[in-house]
Amino acid sequence: MTSPTPAPRPIVTTPAVPAITPTPAPVSPPPENNNRTPEERYERITAPATASAIVPPSSPPAPPKKTKPAFVRLDKGEETTENRAVLKKTYDYFPPVTEYYKPDPAYNKVRWQGQSEGNRGPRDINSMLQQQFKGSSENPSRDYLRQMVVKALSYSPEMRMSSAEVLAMEYSVDQARGQRWPQVKLGVTSPLTTVGGNTSTNNNSHISDTSGSVSVSTPIIDWGRIGSQVDNAEETAKAARFDQDHTREQLAYSTISELMNLSRYQRSRMVAKAYVDRMQELVTMLSQITQADPGRDSELVQAKAKLMSAQASMDNIEHQVSTSRIKLVRLLGIEPVVPEDISWRDTVIPASTAIASLDRSPMMMSLQAKVRAAEHEAESIRASSLPQVNWVISKSTAKDVNGNESGWYTGVNVEWNAFSGGSERAAQMSARARANAAQQQYEVSYRDLEYQINNQIQIRDSSFLRADDYDRLSSETDRVRQMFYDQWYHLGKRTLLDVLTAENDHFNNQLSAINNRYDGYISNINVISSASMLLNWVGINGNSARE
């Protein structure tokens with residue numbers, strides 16, 4: 002009796018999952034084409050505009066769009082595939098990285114733009130030219146700044162040090178490339194002498210028996226080890242060049258900002274000198290009055306106290322001038338001279354322009370190169386753990402016991418470090434971890450630069466607004482001090498203390514206007530430097546800056 006045939010199972014159709022690529026089975030990767038440059042293996046993708054991502058509340062929600070990562074790797078024989086940031090692979094035991102970096106729109110909502118209870122809308126920065134930001138300008142201050150920055154770049158020992166580091170990394174590239182060529186080794190062996198036992202050394206006892214040897218080893222199969230080492234050296238050299246560009250930008254910022262500080266202190270010194278002269282004038286006048294009317298000696302004491310306070314402020318400003326000159330001598334190597342009639346009024350850089358250039362920042366590009374260098378190092382370590390096949394040619398002139406010289410030998414040599422106690426695996430994962438850490442540092446630096454730019458823009462705009470307020474206030478306090486003096490000297494309706502207080506208020510308001518104005522200038526330069534556009538802003542390109 003035959004058993005009944007079981008009924009066939011129903012075929013269940015599963016719905017297709019769109020836009021999801023199944024994970025490929027783990028197979029041994031084919032050898033990569035090591036002749037390709039790193040730029041061919043990595044392709045930069047431009048970030049989309051963030052303004053298009055804002056949808057008005059009244060419009061229907063748009064279907065979600067698949068965002069592209071910041072980097073895409075081009076593999077041999079495959080189409081362009083998306084990966085997480087610049088890392089080739091993502092491992093569960095490493096912290097995840099952000100796939101795509103874009104500006105945070107929340108900064109535009111929290112920055113103060115001059116709104117107050119008396120003002121319904123934002124105020125304009127009237128003190129700066131409201132025209133489109135340009136990298137070049139006819140402003141005379143640009144020519145002066147260009148000359149000073151060129152002097153700083155040519156004098157700076159930091160630039161010479163970074164140039165030496167770049168040169169060392171470029172030689173490392175040549176060192177890695179040299180491994181592809183046949184490695185030739187030469188040797189010489191003197192006659193051997195035995196001590197004890199059988200002292201017979203046929204054909205190897207006279208000085209004429211000195212032998213030489215030559216060995217030639219050429220790598221045939223290395224599984225991409227040398228190519229990965231070359232790529233690692235190239236990316237490390239790129240990182241060194243980007244670090245040099247970042248050092249150049251920082252040096253330009255330090256020079257320009259300190260020149261602006263020196264100009265600030267020089268203008269403050271002019272105001273302080275006028276204040277000291279005014280106090281000295283009042284003291285001299287009261288000294289003559291007290292000789293005729295000793296009862297007003299208390300007013301003379303008050304005036305002398307204000308004179309000493311003004312002189313102390315003058316001494317403090319002189320100290321700031323001297324400190325700024327010392328810093329500039331360190332940067333320029335010469336005593337700086339800032340023209341007193343120079344104007345720092347120029348165009349301001351918009352926040353959108355500065356943030357859009359973050360991806361081109363030398364510091365960010367250096368971190369990207371370090372990530373790729375760590376990835377190539379991991380690939381080199383992995384390839385070195387596989388069998389290494391070399392073609393070997395050797396020849397020795399040493400004679401055997403019969404006095405015959407050996408011939409040429411050639412063959413294939415296979416070397417394989419079959420077991421290393423897990424050290425090679427640990428070294429590979431260490432390189433992967435460094436790549437992940439560099440990628441995390443990339444995100445940290447991006448967020449820090451974004452914050453720094455928005456913070457400096459806030460300082461710049463608010464400083465210019467406060468400078469305008471203090472300018473108007475200074476004009477009013479100038480009228481007040483004149484009126485108080487006339488009412489005290491001619492009418493006797495004001496006390497000397499009122500006059501001294503009005504003079505002091507006018508002096509402080511003038512200093513506040515100068516300090517806020519220059520805070521805005523320096524913050525604007527800081528924003529341009531954070532966006533790595535300062536050298537272009539003063540009219541120095543990369544080639545002339547390196548000379």
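Counted the way my numbering counts, the sequence shown spans residues 2 to 548.
For every residue, glycine included, the Cβ atom is placed at its ideal position computed from N, Cα and C.
- Note on geometry: alpha-carbon atoms of G188 and N391 lie some 20 Å from one another.
- Between the C-alpha atoms of D520 and S173 there is a straight-line separation of about 44 Å.
- The continuous alpha helix (DSSP H) containing I318 extends over residues 298-333.
- Spatial neighbours of E166 in its own chain (CB-CB distance under 7 Å, excluding positions within 5 residues in sequence) are listed in chain order as A241.
- Secondary structure at L387: coil, using DSSP grouped into helix, strand and coil.
- In the structure shown, S395 adopts extended strand secondary structure according to DSSP, grouped into three states.
- When Cβ pairs closer than 8 Å are counted between the two stretches, the stretch 339-351 is seen to touch the stretch 515-530, the count reaching three or more.
- DSSP places E341 in the coil class of the three-state scheme, outside both helix and strand.
- For N233, the secondary structure class from DSSP, reduced to helix, strand or coil, is helix.
- N455 places its beta carbon 8 Å or farther from that of Y254.
- Under DSSP, V349 forms no beta bridge with any residue.
- One thing to note: S325 has its Cβ within 8 Å of the Cβ of L263.
- Within 10 angstroms of the beta-carbon of E504 lie 16 or more other beta-carbons, which makes it buried.
- The beta carbon of Q303 is closer than 7 Å to those of L497, L498, L501 in its chain, skipping five residues each way along the sequence.
- In the DSSP annotation of this structure, I541 is not part of any beta strand (DSSP E), being labelled neither H nor E.
- Per the coordinates, the alpha-carbon of V372 lies some 8 Å from the alpha-carbon of R435.
- Straight-line measurement puts the Cα of P295 at about 16 Å from the Cα of L283.
- Residues of the same chain with a CB within less than 6 Å of the CB of I529, apart from the 5 flanking positions on each side, are I350, L535, W538 in chain order.
- Closest in alpha carbon position to S446, among W409, Y486, A379, L368, is L368.
- By the criterion of a C-beta distance shorter than 7 Å, G412 is surrounded in its chain by V393, once the five residues flanking it on both sides are discounted.
- If only uninterrupted alpha helix (DSSP H) runs of at least 4 residues are considered, those enclosed by the stretch 487-531 are 497-531.
- In this structure, L332 and T256 form a Cβ contact; the two beta carbons are roughly 5 Å apart against a cut-off of 8 Å.
- In this structure, DSSP gives E444 a helical state, which the three-state scheme calls helix.
- For the pair S218 and A374, the Cα-to-Cα distance works out to about 27 Å.
- Residue nearest to E341 within the set G334, F420, S381, R268 is R268 (criterion: CA-CA distance).
- Between L308 and M271 a beta carbon distance of about 18 Å is seen, past the 8 Å cut, so the two are scored as non-contacting.
- As the crow flies, the alpha-carbon of Y410 is around 16 Å from that of S212.
- Pairing S381 with I458, the inter-Cα distance amounts to about 45 Å.
- Counting other Cβ atoms within 10 Å of its Cβ, H320 stays below 16 and is therefore classed as exposed.
- When DSSP reads this structure, E406 sits in a beta bridge with K400.
- Going by DSSP, S212 is part of no alpha helix (DSSP H) but of the beta strand (DSSP E) stretching over 212-222.
- Q251 and P220 have their C-alpha atoms some 45 Å from each other.
- DSSP links K186 through a beta bridge to S216.
- Nearest Cα to H507 within the set Q488, S475, V330: S475.
- Setting aside the 5 residues that flank it on each side, R495 is surrounded in the same chain by F485, Q488, W489, each with a C-beta closer than 7 Å to its C-beta; the list follows chain order.
- By the Cβ-count criterion, M365 is buried, with 16 or more other Cβ atoms from all chains shown falling within 10 Å of its own Cβ.
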